[in-house]
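**Student:**
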Amino acid sequence: MNSPEITVAEYLLIRLKQIGVDHLFGVPGDFVLGFFNQVLNSEVKYVGTCNELNAAYAADGYARIRGIGAFATTFGVGELSAINGVAGAYAERVPVVAITGAPATINFRTRPLLHHTLGDYQIPLRMYEKITAASTQLSSGATAPDEIDRVLSACLYGQQPVYISIPSDVVTMKCKRPGAFVFPVYPPSDPDALDEAIRETLAMLDNAQKPVVIGGVELIRFRLQNEFAGLLDKTGFPYVTMMLGKTVLSEQHPQFIGLFEGDRSRDYVRERVESADCILQLGELMTDFNTGGFTTRLDDSKTISANIRTVRIKHHFFENVYLRDYILGLTAKLARRDAATLEIQRAVDGCVHRHTEPYRPDPQQALTIKRFFDRMSHFVENDSIVIAETGVSLFSAAEMLMPEGATFIGQTFYGSIGYTVGATLGAATAAPNRRVVLFVGDGAFQVTCQDLSTMIRYGHKPIIFLLNNDGYTIERVIVDRPYNDIQPWRYHKLVEVFGGGLGLDVHTEGELEDALDKAATADSLVFIEIHTGRLDCPEALRIAGRSMAKINQLA
Ligand SMILES: Cc1ncc(C[n+]2csc(CCOP(=O)(O)OP(=O)(O)O)c2C)c(N)n1
Ligand SMILES: [Mg+2]
Numbered sequence: 003m004n005s006p007e008i009t010v011a012e013y014l015l016i017r018l019k020q021i022g023v024d025h026l027f028g029v030p031g032d033f034v035l036g037f038f039n040q041v042l043n044s045e046v047k048y049v050g051t052c053n054e055l056n057a058a059y060a061a062d063g064y065a066r067i068r069g070i071g072a073f074a075t076t077f078g079v080g081e082l083s084a085i086n087g088v089a090g091a092y093a094e095r096v097p098v099v100a101i102t103g104a105p106a107t108i109n110f111r112t113r114p115l116l117h118h119t120l121g122d123y124q125i126p127l128r129m130y131e132k133i134t135a136a137s138t139q140l141s142s143g144a145t146a147p148d149e150i151d152r153v154l155s156a157c158l159y160g161q162q163p164v165y166i167s168i169p170s171d172v173v174t175m176k177c178k179r180p181g182a183f184v185f186p187v188y189p190p191s192d193p194d195a196l197d198e199a200i201r202e203t204l205a206m207l208d209n210a211q212k213p214v215v216i217g218g219v220e221l222i223r224f225r226l227q228n229e230f231a232g233l234l235d236k237t238g239f240p241y242v243t244m245m246l247g248k249t250v251l252s253e254q255h256p257q258f259i260g261l262f263e264g265d266r267s268r269d270y271v272r273e274r275v276e277s278a279d280c281i282l283q284l285g286e287l288m289t290d291f292n293t294g295g296f297t298t299r300l301d302d303s304k305t306i307s308a309n310i311r312t313v314r315i316k317h318h319f320f321e322n323v324y325l326r327d328y329i330l331g332l333t334a335k336l337a338r339r340d341a342a343t344l345e346i347q348r349a350v351d352g353c354v355h356r357h358t359e360p361y362r363p364d365p366q367q368a369l370t371i372k373r374f375f376d377r378m379s380h381f382v383e384n385d386s387i388v389i390a391e392t393g394v395s396l397f398s399a400a401e402m403l404m405p406e407g408a409t410f411i412g413q414t415f416y417g418s419i420g421y422t423v424g425a426t427l428g429a430a431t432a433a434p435n436r437r438v439v440l441f442v443g444d445g446a447f448q449v450t451c452q453d454l455s456t457m458i459r460y461g462h463k464p465i466i467f468l469l470n471n472d473g474y475t476i477e478r479v480i481v482d483r484p485y486n487d488i489q490p491w492r493y494h495k496l497v498e499v500f501g502g503g504l505g506l507d508v509h510t511e512g513e514l515e516d517a518l519d520k521a522a523t524a525d526s527l528v529f530i531e532i533h534t535g536r537l538d539c540p541e542a543l544r545i546a547g548r549s550m551a552k553i554n555q556l557a
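With my numbering applied, the sequence shown corresponds to residues 3 to 557, in that order.
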């Protein structure tokens with residue numbers, strides 16, 4: 003018989019499925035077992051990780067590909083291990099649903115000293131409130147549906163994580179069946195503010211001889227890439243991205259001129275942006291990594307900054323002007339420019355690591371970072387997901403031109419090392435038919451490497467390049483002291499310990515070619531350990547190191 007009622011856990015799982023969650027990452031614990039039993043009976047597949055931090059990172063990587071991700075843990079010990087991963091999602095606007103299985107409701111009133119609690123049962127919720135767009139502790143079948151819907155809507159509306167705590171007795175409480183999920187929509191822009199913002203923008207852009215556009219991360223998170231592409235098509239304007247917005251559109255786009263990161267940019271990109279007579283910034287966050295340590299000299303009198311619901315022109319703001327309305331409004335009114343007048347040097351012809359430059363291996367030559375990433379720009383295939391860890395990996399891969407259809411992932415604002423191992427598991431789970439390529443440093447890998455075994459366990463076949471430079475090079479370029487040394491592991495042997503896959507060790511350009519040949523025919527996870535010099539890193543990282551040394555009064 004088709005009961006009019008279901009359990010609260012079933013309600014949540016149906017809703018998760020409706021918003022795009024097909025996989026739930028997690029680690030069990032007694033308070034969450036009741037919920038997990040219902041997950042096993044649902045259409046959402048359970049993916050067990052080695053620890054909760056990686057479950058959160060995996061949900062984040064999954065969400066960056068699918069638009070939503072989720073993980074579940076037990077109370078206290080589990081959820082608090084995951085909190086750093088959720089903080090990263092909060093900072094970088096990634097919609098992750100964090101679910102906790104909590105002790106039964108009665109305990110929240112009587113507060114016995116149950117294991118995993120902190121005595122004060124409210125502490126985890128209060129901690130999560132600080133790093134989520136909405137949070138709830140479910141308490142009854144009567145109120146749970148509305149609470150779940152409220153919190154999931156906030157997740158999608160704000161593109162930020164949310165927190166749902168389910169006490170073990172609430173899991174099986176009966177509640178109504180859900181109807182179709184009503185996806186949140188943005189209210190219309192304030193028409194007068196929108197109109198005025200567009201008029202002022204047109205006045206600046208129409209007079210500009212050398213405009214340039216910055217395509218930012220919010221265009222990715224709020225799925226405004228088509229609108230952005232429409233504006234570029236209509237106008238012919240050149241555009242740059244910063245690290246967070248990398249691969250907002252294909253980097254093979256004829257109007258893409260490269261990565262802009264202030265003083266760390268290539269000369270052409272920096273000069274082209276800084277000499278522009280109008281800069282239209284769409285949806286970017288001006289973080290230190292994005293701006294080359296705040297060295298983007300953008301003249302306020304020439305800059306228009308539009309973010310998700312605000313536009314700033316020169317020194318005044320328009321509130322309640324939504325990015326989508328603003329882009330569409332501008333596109334309708336802007337005229338096409340003659341490309342010859344816009345001084346466009348395509349990234350394809352100029353950026354640091356590019357596939358248009360021939361690469362000829364010198365077999366005996368020891369590998370350098372520059373040569374390795376030059377080689378990688380030929381190796382990465384169309385439609386790949388490329389993930390780069392904070393460190394030499396990120397600073398190098400950011401300057402690698404991505405092929406058609408590629409998605410770039412890096413935690414380039416929050417920068418928690420180890421993120422990419424979990425994110426690789428998440429991305430591989432989210433897109434089983436896409437090639438996932440990870441570049442990760444030895445130091446970062448030591449933080450979260452266990453979940454390499456989870457990738458093997460679930461049959462994922464990413465290709466992982468472990469950059470072994472004998473420690474924390476990104477920290478060494480700030481100050482080279484012994485705390486940046488780490489225990490040298492034989493990283494490529496780990497696949498054997500963790501359950502299988504191809505593990506290879508590479509010191510020279512010749513060995514790299516052999517390894518890539520073997521990788522091409524391997525039907526398994528491939529793990530290639532790349533040895534490079536202790537201080538070998540891109541110039542942008544060296545500049546970043548000097549600037550961080552100065553800021554932190556170390557130099
Ligand atoms: C969780 C966390 N702890 C500490 C740091 C500080 N930190 C930033 S980079 C880094 C070292 C990274 O080393 P590795 O992965 O080997 O990078 P590379 O040598 O390629 O620069 C550290 C410790 C951090 N960003 N995140
Ligand atoms: Mg290192």
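Yeah, the Cβ is synthetic: ideal placement off N, Cα and C, and Gly gets one too. Every value quoted in this text rests on a predicted model; they were computed, and no experiment measured them.
What does a CB cutoff of less than 6 Å around G36 pick up in its chain, not counting 5 residues either side in sequence?
**Tutor:** Position 34 of the sequence shown, counting from 1, holds the residue named residue 36. If we look at G36 and ignore the five residues flanking it on each side, its Cβ neighbours are S170 and V173.
**Student:** If you count every other CB in all the chains shown that lies within 10 Å of the CB of G218, and 16 or more means buried, which is it?
**Tutor:** In the sequence shown, counting from the first residue as 1, residue 218 sits at position 216. So G218 counts as buried.
**Student:** Hey, how far is the Cα of S303 from the Cα of G232?
**Tutor:** Numbered from 1 along the sequence shown, position 301 holds the residue referred to as residue 303. Numbered from 1 along the sequence shown, position 230 holds the residue referred to as residue 232. Approximately 26 Å, taken between the alpha carbons.
**Student:** Just to confirm before moving on: does the CB-CB distance between E391 and G412 stay below 9 Å?
**Tutor:** Position 389 of the sequence shown, counting from 1, holds the residue named residue 391. Position 410 of the sequence shown, counting from 1, holds the residue named residue 412. Yes, the pair counts as a contact, with Cβ atoms nearer than the cut-off.
**Student:** Please tell me whether, using a cut-off of 8 Å, the distance from the CB of F447 to the nearest non-hydrogen atom of ligand 1 is below it.
**Tutor:** On the sequence shown, residue 447 is found 445 positions in, with the first residue counted as 1. Yes; taking the cut-off as 8 Å, the Cβ of F447 has a heavy atom of ligand 1 nearer than that.
**Student:** For T107, which residues in the same chain have their Cβ closer than 7 Å to its Cβ, ignoring the five residues on either side in sequence?
**Tutor:** Taking the first residue of the sequence shown as 1, we reach residue 107 at position 105. Contacts found: S141, P169, D171 and V172.
**Student:** So is E541 buried or exposed if we call it buried at 16+ other beta carbons inside 10 Å?
**Tutor:** By one-based count along the sequence shown, residue 541 stands at place 539. By the neighbour-count rule (16 or more Cβ atoms within 10 Å), E541 is not buried but exposed.
**Student:** Examine ligand 1 and report whether any of its heavy atoms sits within less than 8 Å of the Cβ of S395.
**Tutor:** The count along the sequence shown starts at 1 and reaches residue 395 at position 393. Indeed, a heavy atom of ligand 1 lies less than 8 Å from the Cβ.
**Student:** Put D445 into one of helix, strand or coil per three-state DSSP.
**Tutor:** In the sequence shown, the residue the question calls residue 445 occupies position 443. Contrary to the premise, residue 445 reads as Gly rather than Asp in this sequence. DSSP places G445 in helix when its eight states are reduced to three.
**Student:** Comparing the CB of D171 with every heavy atom of ligand 2, is any distance shorter than 8 Å?
**Tutor:** Taking the first residue of the sequence shown as position 1, residue 171 is located at position 169. For ligand 2, not one heavy atom lies less than 8 Å from the Cβ of D171.
**Student:** Starting from A368, follow its DSSP beta bridges and name the residues at the other end.
**Tutor:** Position 366 of the sequence shown holds residue 368. T510.
**Student:** List the DSSP bridge partners of C177.
**Tutor:** Taking the sequence shown and counting its residues from 1, one reaches residue 177 at position 175. Note: C177 sits in a beta bridge opposite I8.
**Student:** For a test of your reading of the model: does the CB of E391 fall under 8 Å from any non-hydrogen atom of ligand 1? Yes or no.
**Tutor:** Sequence index remark: in the sequence shown, residue 391 carries index 389 (1-based). It does: the Cβ of E391 is within 8 Å (strictly closer) of some heavy atom of ligand 1.
**Student:** Quickly, what does DSSP pair R314 with across the bridge? List them, please.
**Tutor:** Position 312 of the sequence shown holds residue 314. Looking at the DSSP assignment, R314 forms a beta bridge with S307 and F319.
**Student:** Using only the alpha-carbon positions, how far apart do F381 and Q367 sit?
**Tutor:** On the sequence shown, residue 381 is found 379 positions in, with the first residue counted as 1. On the sequence shown, residue 367 is found 365 positions in, with the first residue counted as 1. Distance between the alpha carbons of F381 and Q367 is about 19 Å.
**Student:** Please confirm if the region 70 to 80 is in contact with the region 206 to 215, defined as three or more CB-CB distances below 8 Å between the two stretches.
**Tutor:** Short answer: they don't touch.
**Student:** Can you name the residues that DSSP bridges to L284?
**Tutor:** As a position in the sequence shown, residue 284 is number 282, starting the count at 1. Paired residues: G217 and A308.
**Student:** Does the Cβ of G473 lie closer than 8 Å to at least one heavy atom of ligand 1?
**Tutor:** Counting from 1 along the sequence shown, the entry for residue 473 is found at position 471. Checking the Cβ of G473 against ligand 1 gives yes.
**Student:** Looking at C-beta atoms only, is the number of pairs between the region 444 to 451 and the region 460 to 479 that lie closer than 8 Å three or more?
**Tutor:** Yes: the two stretches touch, three or more of their Cβ pairs being nearer than 8 Å.
**Student:** So the candidates are T431, H355 and T243; which of them puts its Cα closest to the Cα of R274?
**Tutor:** Along the sequence shown, one-based indexing puts residue 274 at 272. Checked all of T431, H355 and T243; the closest Cα to R274 is T243.
**Student:** So, is T358 buried or exposed, given that buried needs 16 or more other C-beta atoms within 10 angstroms?
**Tutor:** Indexing the sequence shown from 1 puts residue 358 at position 356. Looking at its Cβ environment, which holds fewer than 16 other Cβ atoms inside 10 Å, T358 is exposed.
**Student:** So, Y324 versus S137, is the Cβ gap smaller than 9 Å?
**Tutor:** Here the question's residue 324 lines up with position 322 in the sequence shown. Here the question's residue 137 lines up with position 135 in the sequence shown. Against a cut-off of 9 Å, the Cβ pair of S137 and Y324 comes out as no contact.
**Student:** In angstroms, rounded to a whole number, what distance separates the CA positions of G69 and V99?
**Tutor:** Along the sequence shown, read from residue 1 onward, the residue named residue 69 stands at position 67. Along the sequence shown, read from residue 1 onward, the residue named residue 99 stands at position 97. The alpha-carbon atoms of G69 and V99 are separated by roughly 11 Å.
**Student:** Quick one: grab the DSSP three-state call for I70.
**Tutor:** The residue labelled residue 70 in the question sits at position 68 within the sequence shown. In the structure shown, I70 sits in coil (DSSP, three-state: anything other than H, G, I, E or B).
**Student:** Between which two residues does the beta strand (DSSP E) harbouring A390 extend?
**Tutor:** Along the sequence shown, read from residue 1 onward, the residue named residue 390 stands at position 388. Taken as a continuous stretch (DSSP letters only), the beta strand (DSSP E) holding A390 covers I387 to A390.
**Student:** Check Y123 in the structure and name its three-state DSSP category.
**Tutor:** Taking the first residue of the sequence shown as 1, we reach residue 123 at position 121. Coil at Y123, not helix or strand.
**Student:** So L234 and Q257 are in contact, right, with Cβ under 8 Å, and what is the actual spacing, rounded?
**Tutor:** If you number the sequence shown from 1, residue 234 lands on position 232. If you number the sequence shown from 1, residue 257 lands on position 255. About 5 Å; that satisfies the 8 Å criterion.
**Student:** Helix, strand or coil, according to DSSP, for R544 in the structure here?
**Tutor:** In the sequence shown, counting from the first residue as 1, residue 544 sits at position 542. Correct three-state label for R544: helix.
**Student:** My output table needs one value for M402: the three-state DSSP class, helix, strand or coil.
**Tutor:** Here the question's residue 402 lines up with position 400 in the sequence shown. Strand.
**Student:** For ligand 2, any of its heavy atoms closer than 8 Å to the Cβ of T39?
**Tutor:** Residue mapping note: residue 39 aligns to position 37 of the sequence shown, counting from 1. The sequence shown places Asn at residue 39, rather than the Thr named in the question. No - ligand 2 has no heavy atom lying nearer than 8 Å to the Cβ of N39.
**Student:** Between the alpha carbons of L506 and V350, how many angstroms are there, rounded?
**Tutor:** Counting from one through the sequence shown, the residue named residue 506 turns up at place 504. Counting from one through the sequence shown, the residue named residue 350 turns up at place 348. Whole-angstrom Cα-Cα distance: 31 Å.
**Student:** Near P163, what residues of its chain come up, given a Cβ to Cβ distance below 8 Å and the 5 sequence neighbours on each side ignored?
**Tutor:** Locating residue 163 in the sequence shown gives position 161, where the first residue counts as 1. Taken in chain order, the residues that qualify are V88, A91, Y92, V96, P97, V98, V99, A100, I133, T134, A135 and C157.
**Student:** Leaving out five residues before and five after D24 in sequence, what residues of the same chain have Cβ atoms less than 7 Å from its Cβ?
**Tutor:** Working through the sequence shown from its first residue, we reach residue 24 at position 22. If we look at D24 and ignore the five residues flanking it on each side, its Cβ neighbours are V46 and K47.
**Student:** Between the region 474 to 491 and the region 337 to 345, do three or more beta carbon pairs fall short of 8 Å?
**Tutor:** Not touching, per the Cβ criterion.
**Student:** Does the beta-carbon distance from T475 to T370 come in below 9 Å?
**Tutor:** Along the sequence shown, one-based indexing puts residue 475 at 473. Along the sequence shown, one-based indexing puts residue 370 at 368. No, they are not a contact pair.
**Student:** In the DSSP assignment, find the alpha helix (DSSP H) that holds M428 and state where it starts and stops.
**Tutor:** As a working mapping, residue 428 is identified with position 426 in the sequence shown. Met is not the amino acid found at residue 428; the sequence shown has Gly there. Counting along the chain, the alpha helix (DSSP H) containing G428 begins and ends at Y421 to A432.
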